[in-house]
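Colleague: Take this structure, written in structure tokens, and hold onto it; I'll ask about it next.
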């Protein structure tokens with residue numbers, strides 16, 4: 006795949022000014038400017054993210070109403086149930102809230118829907134099964150519910166109140182919950198702040214926990230004065246990184262603190278998970294995203310995430326290790342299923358793909374496993390760089406998952422296809438849907454019509470974002486250590502990338518790897534020489 010090189014515009018005068026003011030290198034100064042940071046106070050907060058800089062949780066829309074309703078339930082001894090979701094964000098959110106509410110005296114249980122039987126979100130089937138198991142009058146929907154207008158209206162009719170804690174796009178009209186706590190609502194309110202709009206549900210769960218403890222200390226809630234929220238930050242980092250939300254603002258603070266907790270955590274479930282994944286002692290975002298998160302996701306992708314919840318709640322390693330080992334086995338099973346469907350889907354697309362006319366890819370097949378369609382969509386997107394929806398299932402209602410590219414809001418596009426869909430929801434870069442199989446071709450046609458209006462040809466070529474052009478002499482152990490201050494890297498804060506021109510080989514190339522598919526080379530610009538590796542260069546001659 007050819008990339009569209011996208012070098013950041015050099016700003017040497019500003020970079021030099023920042024370097025002098027903050028005692029940093031001009032190279033780091035340029036990287037900060039590339040990330041929209043030009044004022045020293047904001048830069049200092051970015052380079053040294055601290056929990057004390059987290060904003061007041063009560064600034065979140067409707068959070069105060071949710072807190073008051075939960076405190077009323079505590080006062081009455083009224084039981085409630087957390088209705089979560091089956092991905093890592095949903096499971097970590099549910100775990101975090103259980104670990105706050107139970108010790109502080111709430112009567113609370115949790116229910117995670119079954120992907121195959123009940124589908125995504127606050128579905129009528131899922132809620133009915135939940136209430137059969139836990140016949141409560143207060144339900145806290147976490148990581149779902151922002152579009153569940155009909156289900157929440159039905160719950161109100163039967164006397165069940167609903168609090169929604171979610172970060173996905175909100176339907177219009179919005180569901181009439183007791184409190185709809187969703188940072189997306191800040192865009193439509195008098196509160197014009199960007200502090201919270203990128204939080205995922207586990208970040209919101211932490212904010213709710215912070216608000217409950219804060220109000221509890223003011224009202225004399227037993228246990229609130231000494232309750233420590235910091236041990237929960239391992240869950241926040243795990244869910245935030247797994248959900249691929251931008252690691253900026255509040256998320257940057259939470260993930261920085263959470264990664265430190267993850268590396269030293271004594272939580273038996275995570276200790277066991279790190280053990281089966283053979284994770285390094287000090288974890289980074291890549292380790293969490295590619296080692297821990299897929300294993301924690303494995304159970305929910307194939308059936309139910311109950312096992313993942315039990316793992317995170319495990320009280321000792323003897324209980325946790327068998328659960329982690331089972332999730333590891335399920336992950337291998339998931340990988341096998343995913344590879345088969347990915348190969349099949351890519352082959353279908355490859356056989357008919359026209360880069361000039363195909364702006365969106367939509368493919369579906371009978372019995373494609375709905376638990377892996379999202380991962381398959383990501384793989385197809387990475388090959389063809391088009392917004393991609395992969396659909397599978399059986400019967401009259403198939404389910405699909407989509408991934409998008411910059412410039413195409415997938416959730417908004419699906420709203421334009423509402424008449425073709427049974428159900429849909431999500432956000433700009435990822436969304437889910439339910440559809441009758443005979444409507445798939447119409448959906449492909451409609452989405453392509455919308456995409457041709459939104460996307461320019463250059464949008465369909467993946468960008469290779471470059472922070473700067475630099476000489477090899479600028480890369481030393483000290484400068485690399487300084488650039489590490491930009492971490493944690495992820496969505497919204499890409500890992501630094503540079504280019505250097507006019508290089509030549511200083512020594513003959515050397516092949517590496519079991520199949521000699523990688524190449525080690527030594528490059529020089531005349532002033533400095535560095536070793537480099539070309540991964541997956543191929544097996545032929547160079």
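Numbering (the numbering used here), first residue to last: 6 to 547.
Note that beta-carbon positions come from the ideal geometry of N, C-alpha and C, so glycine has one too.
As the structure is a computational prediction, the values presented were derived from the model and not from experiment.
Sort 17, 475, 164, 72 by Cα distance to residue 222 and report the nearest one.
Modeller: Position 217 of the chain shown, counting from 1, holds the residue named residue 222. Residue 222 has its Cα closest to that of 72, out of 17, 475, 164, 72.
Colleague: Comparing C-alpha positions only, which one of 111, 136, 95 sits nearest to residue 126?
Modeller: As a position in the chain shown, residue 126 is number 121, starting the count at 1. It is 95.
Colleague: If you count every other CB in all the chains shown that lies within 10 Å of the CB of residue 212, and 16 or more means buried, which is it?
Modeller: In the chain shown, counting from the first residue as 1, residue 212 sits at position 207. So residue 212 counts as buried.
Colleague: Over the uninterrupted alpha helix (DSSP H) stretch that includes residue 496, give me the two end residues.
Modeller: Along the chain shown, read from residue 1 onward, the residue named residue 496 stands at position 491. First-last for residue 496: undefined, no H or E at that position.
Colleague: Measure from the alpha carbon of residue 511 to the alpha carbon of each residue in 531, 501, 138, 239, then state which is nearest.
Modeller: Residue mapping note: residue 511 aligns to position 506 of the chain shown, counting from 1. Nearest C-alpha to residue 511: 531.
Colleague: Can you name the start and end residues of the beta strand (DSSP E) that residue 296 belongs to?
Modeller: Taking the first residue of the chain shown as 1, we reach residue 296 at position 291. No beta strand (DSSP E) contains residue 296, which DSSP labels as neither H nor E.
Colleague: Just to check, is the beta-carbon of residue 507 closer than 7 angstroms to a non-hydrogen atom of the ligand ZN?
Modeller: With respect to the ligand ZN, the structure offers nothing, as it holds no ligand at all.
Colleague: Nearest-angstrom Cα distance between residue 197 and residue 370?
Modeller: Here residue 197 corresponds to residue number 192 of the chain shown, with the count starting at 1. Here residue 370 corresponds to residue number 365 of the chain shown, with the count starting at 1. Its pLDDT being 46, under 50, residue 197 is placed unreliably by the model, and nothing is read from it.
Colleague: For residue 114, name the three-state secondary structure that DSSP assigns.
Modeller: In the chain shown, counting from the first residue as 1, residue 114 sits at position 109. Note: residue 114 maps to strand in three-state DSSP.
Colleague: I need the DSSP call for residue 492, collapsed to helix, strand or coil.
Modeller: Locating residue 492 in the chain shown gives position 487, counting from the first residue. Residue 492 falls in the coil class under three-state DSSP.
Colleague: Does DSSP put residue 16 in a helix, a strand or coil?
Modeller: On the chain shown, residue 16 is found 11 positions in, with the first residue counted as 1. Correct three-state label for residue 16: coil.
Colleague: Where residue 421 and residue 509 are concerned, what is the direct C-alpha to C-alpha distance, given to the nearest angstrom?
Modeller: What you label residue 421 is simply residue 416 of the chain shown in a count that begins at 1. What you label residue 509 is simply residue 504 of the chain shown in a count that begins at 1. Near 52 angstroms, if we compare the C-alpha coordinates of residue 509 and residue 421.
Colleague: Exposed or buried, which one is residue 21 when buried takes at least 16 other CB atoms within 10 Å?
Modeller: Walking along the chain shown from the start, residue 21 turns up at place 16. Looking at its Cβ environment, which holds fewer than 16 other Cβ atoms inside 10 Å, residue 21 is exposed.
Colleague: Quick one: give me the first and last residue of the alpha helix (DSSP H) that residue 315 is part of.
Modeller: Position 310 of the chain shown holds residue 315. Start and end: 311 to 318.
Colleague: Out of curiosity, what's the CA-to-CA distance linking residue 229 and residue 109?
Modeller: Translated into positions along the chain shown, residue 229 becomes position 224. Translated into positions along the chain shown, residue 109 becomes position 104. In a straight line, the C-alpha of residue 229 is about 7 angstroms away from that of residue 109.
Colleague: Do residue 400 and residue 416 have their beta-carbon atoms positioned less than 8 angstroms apart in this structure?
Modeller: Walking along the chain shown from the start, residue 416 turns up at place 411. Walking along the chain shown from the start, residue 400 turns up at place 395. Going by C-beta atoms, residue 416 is not nearer than 8 angstroms to residue 400.
Colleague: Where do the N-terminal and C-terminal ends of the alpha helix (DSSP H) with residue 211 fall, by residue?
Modeller: The sequence position of residue 211 within the chain shown is 206, counting from 1. Residues 206 to 224.
Colleague: Do you know whose CA, among 317, 208, 343, lies nearest residue 306's CA?
Modeller: Taking the chain shown and counting its residues from 1, one reaches residue 306 at position 301. Checking every option, the nearest Cα to that of residue 306 belongs to 343.
Colleague: Kindly indicate the opening and closing residues of the beta strand (DSSP E) around residue 626.
Modeller: The structure shown does not extend to residue 626, since the chain is modelled only from 6 through 547, so no value can be given for it.
Colleague: In terms of residue numbering, what span does the alpha helix (DSSP H) encompassing residue 468 cover?
Modeller: For the purposes of this step, residue 468 is taken as the residue at position 463 of the chain shown. No alpha helix (DSSP H) holds residue 468; the beta strand (DSSP E) holding it covers 468 to 471.
Colleague: What's the gap between the Cα of residue 358 and the Cα of residue 389?
Modeller: To locate residue 358, count along the chain shown from 1; it is residue 353. To locate residue 389, count along the chain shown from 1; it is residue 384. Roughly 9 angstroms between the two C-alpha positions.
Colleague: To test your reading of the DSSP string, which unbroken alpha helix (DSSP H) runs of 4 or more residues are found completely within the segment 223 to 258?
Modeller: Runs of the alpha helix (DSSP H) inside the segment 223 to 258: 238 to 247.
Colleague: Under three-state DSSP, which class holds residue 524?
Modeller: Position 519 of the chain shown, counting from 1, holds the residue named residue 524. Reduced to three states, the DSSP call for residue 524 is strand.
Colleague: Taking the beta strand (DSSP E) that residue 408 belongs to, which residues open and close that run?
Modeller: Here the question's residue 408 lines up with position 403 in the chain shown. Looking at the DSSP string, the run of the beta strand (DSSP E) that includes residue 408 is 403 to 408.
Colleague: Under three-state DSSP, which class holds residue 364?
Modeller: Sequence index remark: in the chain shown, residue 364 carries index 359 (1-based). Three-state DSSP puts residue 364 in coil, outside helix and strand.
Colleague: Return the CA-CA distance between residue 485 and residue 153, expressed in angstroms with no decimal places.
Modeller: Your numbering for residue 485 matches position 480 in the chain shown. Your numbering for residue 153 matches position 148 in the chain shown. Taking the straight line joining both Cα atoms gives about 48 angstroms.
Colleague: Quick one: Cα of residue 309 to Cα of residue 122, how far?
Modeller: Residue mapping note: residue 309 aligns to position 304 of the chain shown, counting from 1. Residue mapping note: residue 122 aligns to position 117 of the chain shown, counting from 1. Going by the C-alpha atoms only, they are around 9 angstroms apart.
Colleague: Enumerate in chain order the residues of its own chain whose CB-to-CB distance from residue 525 is below 6 angstroms, with the five nearest sequence positions on each side excluded.
Modeller: Looking up residue 525 in the chain shown gives position 520. Excluding residues within five positions, the ones whose Cβ falls inside 6 angstroms are 515, 517, 538.
Colleague: For a test of the three-state rule: what should DSSP assign to residue 121, helix, strand or coil?
Modeller: The residue you call residue 121 lines up with position 116 of the chain shown. Note: residue 121 maps to helix in three-state DSSP.
Colleague: Taking the alpha carbon of residue 304 as the reference point, which residue from 11, 117, 84 has its own alpha carbon closest?
Modeller: Residue mapping note: residue 304 aligns to position 299 of the chain shown, counting from 1. Measuring from the Cα of residue 304, the nearest candidate turns out to be 117.
Colleague: Sorted by chain position, which residues of the same chain lie with C-beta nearer than 7 angstroms to residue 542's C-beta, five sequence neighbours on each side aside?
Modeller: Locating residue 542 in the chain shown gives position 537, counting from the first residue. The answer, listed in chain order, is 522, 523, 524.
Colleague: Give me the DSSP bridge partner(s) of residue 9.
Modeller: Position 4 of the chain shown, counted from the first residue, corresponds to residue 9. In the DSSP output, where bridge partners are listed per residue, residue 9 has 468.
Colleague: Which of the three DSSP states, helix, strand or coil, is assigned to residue 83?
Modeller: Residue numbering aside, residue 83 sits at position 78 when the chain shown is read from its first letter. Reduced to three states, the DSSP call for residue 83 is coil.
Colleague: Based on the DSSP secondary-structure assignment, which residues constitute the bridge partners of residue 517?
Modeller: Here residue 517 is taken as the residue at index 512 of the chain shown, counted from 1. DSSP, once it has assigned bridges, lists 523 as partnering residue 517.
Colleague: Per DSSP, what kind of secondary structure is residue 88 in: helix, strand or coil?
Modeller: What you label residue 88 is simply residue 83 of the chain shown in a count that begins at 1. The answer is strand: DSSP assigns residue 88 an E or B state.
Colleague: Taking C-beta to C-beta, are residue 188 and residue 65 nearer than 8 angstroms?
Modeller: Numbered from 1 along the chain shown, position 183 holds the residue referred to as residue 188. Numbered from 1 along the chain shown, position 60 holds the residue referred to as residue 65. Yes, Cβ-Cβ distance for residue 188 and residue 65 is below 8 angstroms.
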